[in-house]
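Participant:
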Amino acid sequence: MKKILFTLTLIFTLNPAQSFFNLNGLGEISPPVEAWNAATGNPFALSVANPGTFIDLPQTSLKISLLTIGAIGRQNNFTRALGTVKPGAFYGAIPLPTRTRILLGLDSRFNQDFDIWSESLADTTYRYHIIGRGGIYSLNAGLAQSFLDHLCIGVQFHQFIGGSRENWRFCTPEGSITTDTIEIDYSSHNLRFGTSARFSIITIATSYDLPLNILARRFKLIHGVTTDSLQNYRIKLPAVTTLALSAEPVRRLRLNGGVELLPWSRATINDTSSHYRNSWRGSLGLEYEPIPGHPVRLGYSFGNWYCLNNYTGEPIAESGIHLGTGIPIPKFGALDIAGELLFRSSQAQSRALRETAGRLTLTLAYQETWAKRTRRWGY
Amino acid sequence: MKLENLAFGNRVLPLILILFLACNTLPVGFDQIRTLPETRTVEIRPESTDSYGKFVPLGFADYLLLGKDEQYEARILIKFSIKDSCLDSVSSIRLVLHPIDSFPLDFFCRACSTDWSTSAVTWRMADSTTQWLKPGGDCWQFILGQGRLTKDSTIVELNRDYLDTLVRHSYGLVLFPVDTGFTTVTNLTSAKTGPRLILTFADNKNRVYYPAEDAHIVDSSGIRANPYDLLVGSSFAFRTYLWFRLDSIPSEATIARAELSFQPQTLYQRQDTIWIGVHQLTESYGAKGRYALFQENSAAKIAYVPAANDTIVSLEISRLVQNWVSHADSNPNYGLLITAEPEWLKPFRIKLFRTGPATPRLRIQYLLPPEDRFTR
Chain Z
0 MKKILFTLTL
10 IFTLNPAQSF
20 FNLNGLGEIS
30 PPVEAWNAAT
40 GNPFALSVAN
50 PGTFIDLPQT
60 SLKISLLTIG
70 AIGRQNNFTR
80 ALGTVKPGAF
90 YGAIPLPTRT
100 RILLGLDSRF
110 NQDFDIWSES
120 LADTTYRYHI
130 IGRGGIYSLN
140 AGLAQSFLDH
150 LCIGVQFHQF
160 IGGSRENWRF
170 CTPEGSITTD
180 TIEIDYSSHN
190 LRFGTSARFS
200 IITIATSYDL
210 PLNILARRFK
220 LIHGVTTDSL
230 QNYRIKLPAV
240 TTLALSAEPV
250 RRLRLNGGVE
260 LLPWSRATIN
270 DTSSHYRNSW
280 RGSLGLEYEP
290 IPGHPVRLGY
300 SFGNWYCLNN
310 YTGEPIAESG
320 IHLGTGIPIP
330 KFGALDIAGE
340 LLFRSSQAQS
350 RALRETAGRL
360 TLTLAYQETW
370 AKRTRRWGY
Chain S
0 MKLENLAFGN
10 RVLPLILILF
20 LACNTLPVGF
30 DQIRTLPETR
40 TVEIRPESTD
50 SYGKFVPLGF
60 ADYLLLGKDE
70 QYEARILIKF
80 SIKDSCLDSV
90 SSIRLVLHPI
100 DSFPLDFFCR
110 ACSTDWSTSA
120 VTWRMADSTT
130 QWLKPGGDCW
140 QFILGQGRLT
150 KDSTIVELNR
160 DYLDTLVRHS
170 YGLVLFPVDT
180 GFTTVTNLTS
190 AKTGPRLILT
200 FADNKNRVYY
210 PAEDAHIVDS
220 SGIRANPYDL
230 LVGSSFAFRT
240 YLWFRLDSIP
250 SEATIARAEL
260 SFQPQTLYQR
270 QDTIWIGVHQ
280 LTESYGAKGR
290 YALFQENSAA
300 KIAYVPAAND
310 TIVSLEISRL
320 VQNWVSHADS
330 NPNYGLLITA
340 EPEWLKPFRI
350 KLFRTGPATP
360 RLRIQYLLPP
370 EDRFTR
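Residue numbers (numbering that gives the first Met the number 0), protein chains in the order written: chain Z, 0 to 378; chain S, 0 to 375.
In C-alpha cells form, the structure reads like this:
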C-alpha cells in the first residue's frame, strides 16, 4: 500500500502540468484548493471559500494545501506532458463568541501557466518557445454569522493581485534568443456573499460574487529594441453564482451536488465584447466512512470553460473524476488527500487539442480548541 | 503483497517511463495562439559602396615584419636609449635579433635621422604630425651593418666608427630587406627574445640595451589596383565601405539574424588564414570620405582559409543591425567598413565584387512583437 501511494505521488510529482488551454482568456479558473472538497467533485458552494458555510465552527480551523498539477496534451498524434508543484491555498476560520466567525484566506482565482513549442516556421527549423507563468490570486478576509445551528450568512472581501509573464523565445539551430516579454499586472477587489441552511439531513449552500472589474496593466518588452510599450485593459466579468446541496441520508454517508453559473458572455474588455461565453460546471460526490476516521470520497464533475478553443472556435468541455481520503492526525487535525483526473477537449476533431490533467491536493487541516483555564484553589 | 509488487513492476514503472517520454518539445497546443508574430526574411544589396587604401601604424603588431616583393616592402625600426657617457671605451657593438619564421633573408641597417613614435609611424609619417622627408624612413647614408636572418638568433656586428652618430644624432636603426621574401622577428614585447644591442667595453665587459620603441612600416607602391575595386587588406590597409538601406524593417522588429555575406577573390596573401572584421561607421562616409570615424571594436570578425573562388564569407552582425533599426536616432545607419582584423597582419588583399552573385549582401531575418493574451 505504501509503495502504491508513493508511486502515485511520484507520478503526479514527476508529471505535473498546467493546462495547454491556459493561453486563452484569463486562463484556467482555479477551484478552491482544499482536498476534502476536491475529492467530492469540488462543489464551490460547499467549500471553505464560501463564507456562508460555517454553521458549525467549534474550533479554530487552519487549512494549508500543496497542489501538484499536471497535464498530458495530445494533438496531431503528438503527446506532451507539462506540470508544476506549488502551494495551493490557505484558509483560516476563527470562532468568536456570539457564533461569529472571522475568515481569512489566500488562494488562486486564475491560472495562467503554460509552456508551448511552435511548429517549425516557414519550412525552416526555427521555432517559437513560449513560456507563461503567473495568475490572479485572491487575498481575502470576511465575517460569518451562524444562527440557531441551522443558518449561516457570510461576507468576504477579496483583494485580487497577481500578474503573468510570457517569454517568447525564438529558437534556431545556433541557439535561442528571448525576443519579447509580455508582463501583465492585475489588480481588483470584490465582495462575495454566502449563505447556507441546514434542515435535518439536508444542507443547502449558495454564494454570489459581485461583478468583477479587473484592471490589467500590460508591459511589452521587446528585447532587441529595449523599449516598453504600455497598455491598460479594463476587464469586466459578470457576477458568479454557485449553489450546492448536501445530504446525509444514512450515518457515515454524505452525498452532495453543486452547480456554478458564469454568465460571462456579457464580459467585456475595454468596453468591447470579450467573446467569452456563458459557462457552467456541475458536480456530484459522496463521502463514505467505512472505518471511523478513514473516509472514502468520490466525485464526478462536468462543465465547460468560459473561453473558446482558439483553433476550433468551439467550447472547451471538461469532465473530471475525483477521489480522496483523509488521515486523522491525533492532537492536530487531519491530512486530506485528493486526486483529480480532468479530461478537456473541444469538438471531436481529429486534429484538435485534447488534454488529460491531473491534480493532487494535499491539505493539512489544523483544528484547535480555545482552551479556557479554570483557576483551582487549595493547592 | 505480491499483487502490489506486480502492479509496481509491470504497470507503474512503464507508466512512469511513458510520462518521462512525454516530456518533450512537440508542438502541442500551439494552435491556441490565434495570431502568430510575423517573421520575415529580406535580402538587401548595398546601395552605396567605396574602397580606399591607407597607411596605418603597425607599431602594436605582435611581431616585426621585414621583406619585400614586387608589391609590398616592409622595414623594421628599432630605437634604443644609449647613454653617451661611455662611448669611448666601446670595443664592439652587436645587434641581436630573433626571427620567428625560418625563411632566410639578407638585410642591412642604417641609422634613422628623424625621430619617430611607435604609435604613429607609417611608411609616410614619422609620427602623427611629422612626415618623413623620404617615404620609408629618413636615414643616414652610411650602412651600420648587414646580416642574414636565419633560424634561432641573428647577431649583426655594427660598424663602431658610426657609434657616435648612432648615439648622439640618430633615432634608432632602420632595417632594410635586401632579398625578395618576408620574415618576421620578435619585438620588444618578448622579454627574453626581443631585439637587443650589446656593447662590449675595453675591459671585455658587456652591456645590454633593450629597445625603447620598435615598429615596422609597410609600403604598397608596387600595387597597381583598379580604383573601382572594393579591396580589403592588411599592413597597407585597404578598407571597403558598404551602406545598406534598412528603411523597410519596422523599428519594433527584433533582428533574429543578420548575416553579411560575400564571395571574395584573393589577390595576395602572405599567410594561410585571412582575418577580416566589420566596423560600424560613426560618421557619414558621404560627407567625410576616408576620414569618417568608425568604431574601433569590430561588430563581427571571421577567420577563413581561402580555398577556392567559391569561398563564401559570412559575418553575423545582428546586434549592429538591431541598433540601426531600433535606435536610429542615437545610432544612425552610416554604413560599415570591412577591414582586415587587425590591420597589422602580414600583407593580404582580397577583392569584393560590385556586381554579380558574389557581391556583398545582407540577409536579415526579423520578428515582429507578439500580441498579448487580450488581443491575440
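The beta carbon of each residue, even a glycine, is placed where N, CA and C say it ideally should be.
Spell out whether any CB of chain Z is found under 9 Å from the CB atom of E251/S.
Facilitator: Residue numbering aside, residue 251/S sits at position 252 when the second sequence is read from its first letter. With 9 Å as the cut-off, E251/S counts as an interface residue toward chain Z.
Participant: What residue from Q130/S, A110/S and C111/S has the CA that sits closest to A119/S's CA?
Facilitator: On the second sequence, residue 119/S is found 120 positions in, with the first residue counted as 1. Comparing Cα positions, the closest option is Q130/S.
Participant: Can you tell me where the beta strand (DSSP E) with N110/Z in it begins and where it stops?
Facilitator: Counting from 1 along the first sequence, the entry for residue 110/Z is found at position 111. Segment T99 to N110, the beta strand (DSSP E) holding N110/Z.
Participant: At 4 residues or longer, and completely inside the region 268-343 of chain S: list those alpha helix (DSSP H) runs for me, N to C.
Facilitator: List check, alpha helix (DSSP H) in window: 284-287 and 317-325.
Participant: DSSP three-state call for T128/S: helix, strand or coil?
Facilitator: By 1-based counting over the second sequence, the position of residue 128/S is 129. Note: T128/S maps to coil in three-state DSSP.
Participant: Using a Cβ cut-off of 9 Å, which residues of the region 26-52 of chain S contact any Cβ in chain Z, in chain order?
Facilitator: Hits within the stretch, in order: P26, V27, G28, F29, D30, Q31, I32, R33, L35, P36, T38 and T40.
Participant: Let me know if A143/Z comes out buried or exposed under the rule of 16 or more other beta-carbons within 10 Å of its beta-carbon.
Facilitator: Reading the first sequence from its first residue, position 144 is the one you call residue 143/Z. Per the 10 Å Cβ criterion, buried.
Participant: Is the beta carbon of R132/Z less than 9 Å from the beta carbon of R164/Z?
Facilitator: Residue 132/Z sits at position 133 when you count from the first residue of the first sequence. Residue 164/Z sits at position 165 when you count from the first residue of the first sequence. Yes.
Participant: Select from the region 234-265 of chain Z all residues with a C-beta closer than 7 Å to any C-beta belonging to chain S, and list them in chain order.
Facilitator: Per Cβ criterion, the list is empty.
Participant: Do you know offhand how far D105/S's Cα is from G288/S's?
Facilitator: Numbered from 1 along the second sequence, position 106 holds the residue referred to as residue 105/S. Numbered from 1 along the second sequence, position 289 holds the residue referred to as residue 288/S. Their Cα atoms are separated by approximately 40 Å.
Participant: Can you list, in chain order, the residues of its chain with a C-beta nearer than 6 Å to that of M0/S? Leave out the 5 residues immediately preceding and following it.
Facilitator: On the second sequence, residue 0/S is found 1 positions in, with the first residue counted as 1. Because the pLDDT of M0/S is 44, which lies under 50, any placement of that residue in the model is unreliable, and the number read from its coordinates should be weighed accordingly. Around M0/S: no qualifying Cβ.
Participant: Do the region 357-372 of chain S and the region 271-291 of chain S make contact, defined as three or more Cβ pairs closer than 8 Å?
Facilitator: Counting Cβ pairs under 8 Å, fewer than three are found: no touch.
Participant: Counting Cβ pairs, one atom from each stretch, are 3 or more of them under 8 Å apart for the region 292-304 of chain Z and the region 317-324 of chain Z?
Facilitator: Flag = yes, the region 292-304 of chain Z and the region 317-324 of chain Z touch.
Participant: So if DSSP puts C111/S in a beta bridge, which residue, or which two residues, is it bridged to?
Facilitator: The count along the second sequence starts at 1 and reaches residue 111/S at position 112. C138/S, per the DSSP bridge assignment.
Participant: Express the C-alpha separation of S220/S and E69/S in angstroms, rounding to a whole number.
Facilitator: Position 70 of the second sequence, counting from 1, holds the residue named residue 69/S. Position 221 of the second sequence, counting from 1, holds the residue named residue 220/S. Going from the Cα of E69/S to the Cα of S220/S covers about 9 Å.
Participant: May I have the straight-line CA-CA distance separating Q262/S from G58/S, to the nearest angstrom?
Facilitator: For this step, residue 262/S is matched to residue 263 along the second sequence. For this step, residue 58/S is matched to residue 59 along the second sequence. For Q262/S and G58/S, the distance between alpha carbons rounds to 31 Å.
Participant: Inspect the CB distances between the region 182-196 of chain Z and the region 271-286 of chain S and report whether three or more fall short of 8 Å.
Facilitator: The region 182-196 of chain Z is not in contact with the region 271-286 of chain S.
Participant: Quick one: Cα of D380/Z to Cα of E354/Z, how far?
Facilitator: Absent from the structure is residue 380/Z, since the part of chain Z shown begins at 0 and ends at 378.
Participant: State the start and end residues of the unbroken beta strand (DSSP E) segment that holds N205/S.
Facilitator: By 1-based counting over the second sequence, the position of residue 205/S is 206. Counting along the chain, the beta strand (DSSP E) containing N205/S begins and ends at N205 to Y208.
Participant: Given a threshold of 16 other Cβ atoms within 10 Å of its Cβ, counted over all protein chains shown, does A44/Z qualify as buried or as exposed?
Facilitator: As a working mapping, residue 44/Z is identified with position 45 in the first sequence. The residue is buried, with at least 16 neighbouring Cβ atoms inside 10 Å.
Participant: In the DSSP assignment, the beta strand (DSSP E) including V239/Z goes from what residue to what residue?
Facilitator: Residue numbering aside, residue 239/Z sits at position 240 when the first sequence is read from its first letter. V239 to A246 is the span of the beta strand (DSSP E), which, as asked, contains V239/Z.
Participant: Smallest Cα separation from S50/S: which of S88/S, F107/S, T338/S and F243/S?
Facilitator: Locating residue 50/S in the second sequence gives position 51, where the first residue counts as 1. Selected option, being the one with the closest Cα: T338/S.
Participant: The beta strand (DSSP E) that contains R276/Z, what's its start and end?
Facilitator: For the purposes of this step, residue 276/Z is taken as residue 277 along the first sequence, with counting starting at 1. Premise fails: R276/Z is in no beta strand (DSSP E) and is neither H nor E.
Participant: Give, in chain order, every residue of the region 186-213 of chain Z whose Cβ lies closer than 8 Å to some Cβ of chain A.
Facilitator: The chain labelled as chain A is not found among the protein chains of the depicted structure, namely Z and S.
Participant: Hey, S112/S and Y170/S: beta-carbon distance below 9 Å or not?
Facilitator: As a first step, residue 112/S is located in the second sequence; it is residue number 113 there, counting from the start. As a first step, residue 170/S is located in the second sequence; it is residue number 171 there, counting from the start. Yes, the pair counts as a contact, with Cβ atoms nearer than the cut-off.
Participant: Could you check which residue in T121/S, A357/S and K82/S has the C-alpha nearest to that of R206/S?
Facilitator: Numbered from its first residue, the second sequence carries residue 206/S at position 207. The residue with the shortest Cα to Cα distance from R206/S is K82/S.
Participant: Quick check on this structure: which residue in H222/Z, V84/Z and Y232/Z has the alpha carbon closest to the alpha carbon of F373/S?
Facilitator: In the second sequence, counting from the first residue as 1, residue 373/S sits at position 374. Answer by Cα proximity: Y232/Z.
Participant: Check the Cβ-Cβ distances between A255/S and every residue of chain Z, and say whether any is below 9 Å.
Facilitator: Residue mapping note: residue 255/S aligns to position 256 of the second sequence, counting from 1. Yes, its Cβ sits closer than 9 Å to a Cβ of chain Z.
Participant: Kindly say whether W35/Z, judged by its beta-carbon, lies nearer than 9 Å to any beta-carbon of chain S.
Facilitator: Taking the first sequence and counting its residues from 1, the one referred to as residue 35/Z is at position 36. No, its Cβ sits nowhere closer than 9 Å to a Cβ of chain S.
Participant: Between the region 311-334 of chain S and chain Z, which residues of the former have CB atoms less than 7 Å from a CB of the latter, in chain order?
Facilitator: Here the close residues are Q321 and S325.
Participant: Roughly how many angstroms lie between the CA atoms of E315/S and W116/Z, to the nearest whole one?
Facilitator: The sequence position of residue 315/S within the second sequence is 316, counting from 1. The sequence position of residue 116/Z within the first sequence is 117, counting from 1. Between E315/S and W116/Z, the C-alpha separation is close to 26 Å.
Participant: Can you pull out the residues from the region 136-166 of chain Z whose beta carbon lies closer than 9 Å to at least one beta carbon of chain S?
Facilitator: Answer set for the region 136-166 of chain Z: S163 and E165.
Participant: Where do the ends of the alpha helix (DSSP H) carrying V166/S lie?
Facilitator: Taking the second sequence and counting its residues from 1, one reaches residue 166/S at position 167. Start and end: L162 to R167.
Participant: Per DSSP, V120/S forms a beta bridge with which residues?
Facilitator: The residue you call residue 120/S lines up with position 121 of the second sequence. DSSP output for V120/S lists no bridge partner at all.
Participant: Across which residues does DSSP place F59/S in a beta bridge pair?
Facilitator: Numbered from 1 along the second sequence, position 60 holds the residue referred to as residue 59/S. The partner list for F59/S (beta bridge, DSSP) is empty, contrary to what the question assumes.
Participant: I want to verify the contact list: residues of chain Z whose CB lies under 7 Å from the CB of R372/S, in sequence order.
Facilitator: By 1-based counting over the second sequence, the position of residue 372/S is 373. Under the 7 Å cutoff, chain Z gives L22.
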